[in-house]
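Here's the structure, in structure tokens; my notes come after.
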């Protein structure tokens, strides 16, 4: 987001860029989960993946649910 701001690090520009994230994949998120925001959509995470504990580790199952697709 800060790279998108360039040399204009004003609050107005930072907020504008924060409200314009598209399909941003972050290393701490599960595979396939992406961050999206818009001028009227301030919920960056609207996807989830179910997981169950098999006694040793968490195992993902099923599809990725996307709350933005109603």
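In the numbering used here, the protein residues as written are 4 to 73. From the three backbone atoms N, C-alpha and C, an ideal C-beta is built for every residue, glycine too.
(request) Assign residue 43 to buried or exposed, taking buried as 16 or more other Cβ atoms, counted over all protein chains shown, within 10 Å of its Cβ. (result) The count along the chain shown starts at 1 and reaches residue 43 at position 40. The residue is exposed, with fewer than 16 neighbouring Cβ atoms inside 10 Å.
(message) Taking 8 Å as the threshold (C-beta atoms), are residue 17 and residue 36 in contact?
(response) Taking the chain shown and counting its residues from 1, the one referred to as residue 36 is at position 33. Taking the chain shown and counting its residues from 1, the one referred to as residue 17 is at position 14. Cβ atoms of residue 36 and residue 17: not closer than 8 Å.
(message) Starting from residue 19, trace the alpha helix (DSSP H) in both directions and tell me its first and last residue.
(response) Residue 19 sits at position 16 when you count from the first residue of the chain shown. Residues 14–21.
(request) Would you kindly report the start and end of the unbroken beta strand (DSSP E) that includes residue 6? (result) Numbered from 1 along the chain shown, position 3 holds the residue referred to as residue 6. No beta strand (DSSP E) contains residue 6, which is instead part of the alpha helix (DSSP H) from 5–8.
(message) Given this structure, state the Cα-to-Cα distance separating residue 53 from residue 6, to the nearest angstrom.
(response) As a working mapping, residue 53 is identified with position 50 in the chain shown. As a working mapping, residue 6 is identified with position 3 in the chain shown. Between residue 53 and residue 6, the C-alpha separation is close to 33 Å.
(request) Determine the direct distance from the alpha carbon of residue 10 to that of residue 65, and round the result to whole angstroms. (result) As a first step, residue 65 is located in the chain shown; it is residue number 62 there, counting from the start. As a first step, residue 10 is located in the chain shown; it is residue number 7 there, counting from the start. C-alpha separation (whole angstroms): 43 Å.
(message) Please state the DSSP three-state secondary structure of residue 41.
(response) Numbered from its first residue, the chain shown carries residue 41 at position 38. Strand, per DSSP.
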